[in-house]
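Residue numbers (the numbering used here): 1464 to 2677.
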């Protein structure tokens, strides 16, 4: 601060002011602005044009009030300028000025004073009367402007007149002698040059605003002064002049970020953030001491303030004006409708004024110069002390030293620190310092409490700079506002809904967004969803409506783009040299020896080196990258005013997403190489950096880089190592990080199988064992089997092999059984690494074969069913049919009541089928079916040779009315207007067999976008042959919004309806992929797909179609093919143009081209192809479809056949 003690000379300013006074005196003496009117009918009067203006003269029944000064401001801004201009044109101008001294107001006021003196004495003693709250009396114009005054004498007192002077006003003539000179003086004193601030402008009405804490505590309220509006015009003039003086002479502290042009909370927060992150990168701990001054603005000592103004070089005349501004101020507190008595203010600067904040900056300006061991940051009275180091005691010592200095400064300046609200916080890297003990700072008798999260300039700061608390606070507030928005939306027009957004939602997103916008995308995404909800509510759209077009229609900026735009604007504001010097030093132009920006040199900013991902969030890094990504015309920001530049950035789309497309597979398999599709749009090439991150290992497992040209498709390869778990893919495009996407990770899993040559063994046989080990791709995996163990039923180990070698993933073993082994179920266990597989075999002597009884009820039960078959079969376990007698009972039941029954007794061999139709015949009324009829079956089979009996029960499904069903297949939920719709109608029996007879009638109707009916668009009758009817509906009008499909089988025997909605597109542009009839492609040949498309309301001449082919979760092919646009209009004259969303759509014909590609082995057995194009308004139009590829092994070999012999093979043949 010593270097700043020598101030620049103010001789030029003083000289200019002296010249101003002399010139104004000359104008007055020479009567420059006065002119005699020409004589009537003179040549001069005839030759010259006349120009006359006037304004309402003020009544002289009191001092000038707000309305008069408002009128005067309009005169000086409009009429005085007009008179001067017209006079320069040679016209005779007349602009009379005077005071209104006639009429009844003066006489009425004088008479009222006479009556009050006669009734209540001189000075009068008025009675105390309370006006009933229910009665709202109409007051006079003067009384209404005089607060709580009820009598004329009180009104005169409020004008500042003493009681001994008021009596003279009972005579009307005294008003005319007293008030015109006072009004003239007040009008002349509206400038600084008179060193006088009008007394009427010093009256303030004070509104207490609650800050925090208890509502009953006066100290928790902020007093806001409601001042005369005209006084702010004069204050603004003084502010601009005096602030210019302070900045030109470098008087204001570099640590102060308050209230000046280019100074804001965001500049202060960003500088603090830069300081904190730099120290964390150096492995240090940050100490933050958030100071709180008690009633800082209200305790400003006027004498000390004037001394500081004088010390900073103010002249005696300037000092006199500021003294006039501060002294003699009065205020009245208003709570609800209650107004207190006026009270004179002896300290403080008015909050709510223009000059008040600047005067406080001057008052606190010298504080940073006294601090010695910490780094201060000030925003008016919000002061923060910062310190850093590797040892916590050193940090606390630095903060304690400067806390003591600050406290002493406050005492000497008649201010006070509020130690109960002063907080201490440690900010550090949670990786290096996983846990630090809570601590506090002792100053005199006060403990400064340590917090882990605290409010700094309205932003919640936490110990790890994660911004979780801040974003959560914003989310909760916006969510509550959206609930209110949803409730009131039906009653608001669109204009008011937009105003609600900008009043209650947008400001909370905007404030501090360059700081908390550095939060993780997982935190920002919920705020984007709230924005989308607000847009859909504002436009009465459903929750499934795409938000891109809604944001464009409302001209709202999505939050991710808002973060970018605000950072760009802050960088540009800093480069304009209007921001604090320490912030300007963060930016310099690459390759330049100076930091002066010229229009002739369009260069990028120098990108600083960073040490961590946290460093990349700093404005000095992320802001530079965003600025460098701007088009060249936006880098020349001096060509625009700040407001015009903001509009240019917003409308240019420089911060809009959608300038690139990255296609990432959903599944990443260990040990493979994954192709990532890259598309860059626009006019600028770009560097792309891909990373594969494992969140559990906290590091980059794999990465790839590439440089891509605009409007071209490319790929990057990412190697997928083994041993990962929680995998995310991240990308940095043109220097800007994107949201990381979580993908599914498949490790190199080993699958172990155990095979034996048979399931059951006899004593003395050999058990052949095979161990197979393969990976998820069914390829051989592993080198050894750790152990193979065979256990008998008791658990005893019979045999064990260790470290069995695998050859091509297979190991073969055998075990010779003894002649008397333990009978029962044995276990074979194989262990490879940490995986154990078990297989069971059985050792048993020969037993007679067993047979089973299988009862199959009818697959469905319907009233119109001609045959209701019940099948009963008896077979041995190896398949041979059993001969015996069968007794079967079939009963039709409903609920628990038994109905008709049918019993059959037969000698059968194997299987028999019984028709139960006669049981259903009595059920003739469909109403009775609601009793839940079903068929109960009981069967008893006796084997002839052994007499063994088996019993089985079965139950059918419930009885239904019809045995047939009808359904639509392949009708899209969202159809594309103008494109053919291909679908099928399937008619089948309840068991899935197709219906082969009958006739079906199909009818399609629709509605327009405006809700009008289109009538029947399609009607046709089909003969049912194989239960499947294919339909092609090709004439879908482009203006169709809804299609209704109705199918009728056999004159109403079956009926089915379905509706489909038009796929949303802002311009009704669509694309559809259609496979050829022989859709199965062959490896080594060319595959093809037909591309149908329309383009409406776009100036594209040549359309670049981007294509991607994805197979088995990997990107196989990527590229761009360009097709010349066909602008032929629709052949249907009635469909050539129509209105959609307020725009006229010129409907073109559906265009078509064939896209061909080479079919490779990687595409077996099927792939998905994606084709899309992007319009100039960034609308993306595309479609995808799956195509099959004929199975073909890459290395084909011949295999030999083995003939197996089974027991009772002849029985199986039967």
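Note that CB positions come from ideal geometry on N, CA and C, so glycine has one too.
If residue i and residue j are in contact, beta carbons under 8 Å, what's the gap, nearest whole angstrom?
i: residue 1433; j: residue 2123; result: A query on residue 1433 cannot be resolved here, the shown segment of the chain reaching from 1464 to 2677 and no further.
i: residue 2181; j: residue 2165; result: 5 Å
i: residue 2450; j: residue 2512; result: 6 Å
i: residue 2471; j: residue 2502; result: 5 Å
i: residue 1768; j: residue 1826; result: 5 Å
i: residue 1911; j: residue 1885; result: 6 Å
If I measure Cβ to Cβ from residue i and keep anything under 7 Å in the same chain, skipping five residues before and after, which residues do I get?
i: residue 2142; result: 2123, 2124, 2176, 2569
i: residue 1706; result: 1723, 1821
i: residue 2222; result: 2304, 2305
i: residue 2490; result: 2449, 2450, 2451, 2457, 2458, 2459
i: residue 1969; result: none
i: residue 1645; result: 1526
Would you decide whether residue i is buried or exposed? Buried here means 16 or more other CB atoms lie within 10 Å of its CB.
i: residue 1831; result: buried
i: residue 2030; result: buried
i: residue 1988; result: exposed
i: residue 2366; result: exposed
i: residue 2331; result: buried
i: residue 2621; result: exposed
i: residue 1740; result: buried
i: residue 1599; result: Only weak support is given to the placement of residue 1599: the predicted model assigns it a pLDDT of 39, under 50, and the value that follows is read from those uncertain coordinates. Exposed.
i: residue 1799; result: exposed
i: residue 1788; result: buried
i: residue 1686; result: buried
i: residue 1673; result: exposed
Give the DSSP bridge partners of residue i, in chain order.
i: residue 2243; result: 2237
i: residue 2140; result: 2126, 2178
i: residue 2107; result: In DSSP, residue 2107 forms no bridge with anything.
i: residue 2471; result: 2503
i: residue 2518; result: 2511
i: residue 1797; result: 1802
i: residue 2556; result: 2534, 2614
i: residue 2228; result: Residue 2228 is not bridged to any residue.
i: residue 2374; result: 2336
i: residue 2740; result: What is shown of the chain runs 1464 to 2677, which leaves residue 2740 out entirely.
i: residue 1686; result: 1671
i: residue 1751; result: 1849, 1888
Which same chain residues end up closer than 6 Å to residue i when comparing Cβ atoms and leaving out the 5 residues on each side of it in sequence?
i: residue 2067; result: 2053, 2091
i: residue 2693; result: Since the first residue of the chain shown is 1464 and the last is 2677, residue 2693 is not available in this structure.
i: residue 2392; result: Summary for residue 2392: the model assigns pLDDT 49, below 50, so the residue's position carries little reliability, and this model does not support an answer.
i: residue 2035; result: 2100
i: residue 1676; result: 1683
i: residue 2526; result: 2437, 2439
i: residue 1617; result: none
i: residue 2203; result: 2191, 2193
i: residue 1891; result: 1748
i: residue 2558; result: 2532
Leaving out five residues before and five after residue i in sequence, what residues of the same chain have Cβ atoms less than 8 Å from its Cβ?
i: residue 2685; result: Examination of residue 2685 is not possible in this model, given that the chain is present from 1464 through 2677 alone.
i: residue 2340; result: 2312, 2313, 2314, 2315
Q: Decide if the segment 1834-1843 is in contact with the segment 1861-1879; the criterion is three or more beta carbon pairs, one per stretch, under 8 Å apart.
A: yes
(Q) When you compare the segment 2456-2471 with the segment 2487-2506, are there three or more beta-carbon pairs, one atom per stretch, that lie closer than 8 Å? (A) yes
Q.
I'd like to know if the segment 1746-1763 and the segment 1804-1813 are in contact, where contact means that at least 3 CB-CB pairs between them fall below 8 Å.
A. yes
Q: Determine, using beta-carbon pairs with one atom in the segment 1766-1778 and one in the segment 1843-1855, whether at least three such pairs fall under 8 Å.
A: no
(Q) Measuring CB atoms only, is the segment 2131-2140 touching the segment 2102-2111, in the sense that at least three cross pairs come out at less than 8 Å? (A) no
(Q) Counting beta carbon pairs with one atom in the segment 2272-2285 and one in the segment 2228-2236, are three or more of them shorter than 8 Å? (A) yes
(Q) Using a Cβ distance threshold of 8 Å, determine whether the segment 1974-1987 contacts the segment 1957-1965, with at least three qualifying pairs required. (A) no
Q. Can you find at least 3 beta carbon pairs, one from the segment 2398-2405 and one from the segment 2320-2329, that sit closer than 8 Å?
A. yes
Q: State whether the segment 2237-2246 contacts the segment 2264-2273, with contact taken as three or more CB pairs (one from each stretch) at a distance under 8 Å.
A: yes
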